[in-house]
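Before any comments, here is the structure.
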Amino acid sequence: MTKLNTWLEKTKPLIAVIVIDDLSHAVPMAKALVAGGIHLLEITLRTEVGLAAIKQIRDQVPEAIVGAGTVCNVKDYQSAIDAGAQFIVSPGLTTDLIEKAKQVESAGQWDGVFLPGVATASEIMVAKQAGFAQLKCFPASAIGGCSILKAWAGPFDSVGFCPTGGISLDNYQSYLSLPNVICIGGSWLTEASLMTTENWPEIELRAKTIQA
Ligand code: 3PG
80 MTKLNTWLEK
90 TKPLIAVIVI
100 DDLSHAVPMA
110 KALVAGGIHL
120 LEITLRTEVG
130 LAAIKQIRDQ
140 VPEAIVGAGT
150 VCNVKDYQSA
160 IDAGAQFIVS
170 PGLTTDLIEK
180 AKQVESAGQW
190 DGVFLPGVAT
200 ASEIMVAKQA
210 GFAQLKCFPA
220 SAIGGCSILK
230 AWAGPFDSVG
240 FCPTGGISLD
250 NYQSYLSLPN
260 VICIGGSWLT
270 EASLMTTENW
280 PEIELRAKTI
290 QA
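Going by the working numbering, the sequence shown opens with residue 80, and the numbers climb by one from there.
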């Protein structure tokens with residue numbers, strides 16, 4: 080059993096993809112998601128406060144499992160670890176990131192989960208060769224949605240996917256019904272308008288509506 084599988088036993092199978100512009104939103108947003116049964120929180124490093132948000136949530140919301148998203152290079156990978164990220168998600172996979180992941184693991188510097196992104200069969204083959212069996216499928220809906228995941232189930236039957244990109248309340252259950260989908264990722268629970276208006280009750284409600 081992988082560490083991600085262990086986490087998934089304690090949370091609904093959805094990684095909330097979160098963009099934080101205002102650091103003061105990090106903790107109340109995280110508390111709302113956790114209250115709604117969503118514990119896997121991917122804080123994207125697309126804003127200046129992303130790393131600080133990871134630190135604050137780690138310190139103040141112990142029930143959350145906090146990760147860093149949009150990690151595209153080795154510098155951000157290390158910064159995410161230093162900020163306390165328990166998992167790291169990247170939209171794609173580079174040789175630099177593979178080397179970095181192996182290096183921090185073999186040095187015993189980090190025992191978190193790296194979820195690299197793939198969008199093609201060749202990328203899956205590279206990821207598998209590098210030892211990754213659980214992968215983000217991105218951008219899921221744009222590259223074929225459930226159809227491509229069904230097609231990959233044949234040649235890549237040992238791979239578990241976390242589709243992300245274009246997933247919503249209307250279609251998430253179709254993805255979760257696929258045997259090779261371990262969880263999904265989505266930003267709709269914390270969409271920008273809810274964050275700017277600090278509508279934590281609505282975020283909690285949206286989390287609560289997710290059926291495992
Ligand atoms: C991501 O950053 O992983 C995706 O862009 C999230 O996709 P969504 O906004 O369509 O949920």
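The beta-carbon is built from N, C-alpha and C at its ideal position, and this holds for glycine as well. Just so you know, these numbers come straight off a predicted model, no measurement behind them.
Q: Look at F240 and I222 and say whether their C-beta atoms are less than 8 Å apart.
A: no
**Q.** Segment contact, 8 Å Cβ cut-off, at least three pairs: the stretch 155–169 with the stretch 119–133
**A.** yes
Q: For the alpha helix (DSSP H) holding V238, just list the boundary residues, first then last.
A: First-last for V238: undefined, no H or E at that position.
Q) Short check: CB of V128 to CB of R137, under 8 Å? A) no
Q: Pick out whichever of E281, A232, G224 and A114 has its Cα sitting closest to the Cα of S253.
A: G224
Q | Between the CA atoms of N278 and G171 - distance to the nearest angstrom | A | 32 Å
Q. Just to confirm, does F217 get its C-beta within under 7 Å of one of the non-hydrogen atoms of ligand 1?
A. yes
Q: Please report the residue range of the beta strand (DSSP E) in which T275 lies.
A: Element bounds for T275: not the beta strand (DSSP E) but the alpha helix (DSSP H), A271 to T275.
**Q.** Per DSSP, cross-strand counterpart(s) of Q213
**A.** G239
**Q.** Endpoints, beta strand (DSSP E) assigned at E121
**A.** L119 to T123
Q | Bridge-paired residues (DSSP) for G265 | A | A95
**Q.** Proximity test, T275 beta-carbon vs ligand 1 heavy atom, cut-off 7 Å
**A.** no
Q: Could you tell me the boundaries of the beta strand (DSSP E) in which I144 lies?
A: I144 to G148
Q. Which one of M108, A95, L83 and K89 has the shortest CA to CA distance from T275?
A. M108
Q | Alpha-carbon spacing of I203 relative to P218, whole angstroms | A | 14 Å
Q | Exposure label - K91; buried when at least 16 CB within 10 Å | A | buried
Q. Would K181 be called buried (16 or more neighbouring beta carbons within 10 Å of its own) or exposed?
A. exposed
Q: Please confirm whether any heavy atom of ligand 1 lies closer than 7 Å to the CB of I167.
A: no
Q) Which residues have their C-beta within less than 5 Å of a heavy atom of ligand 1, listed in chain order? A) V96, T243, G244, G245, G265 and S266
Q | From A143, M80, S237 and L273, residue whose alpha carbon lies closest to that of A206 | A | S237
Q: Just confirm the distance between the C-beta atoms of Q213 and L83, as a whole number of angstroms; I'd bet it's less than 8 Å.
A: 6 Å
Q: Confirm, please, whether the CB-CB distance from I97 to L120 is below 8 Å.
A: yes
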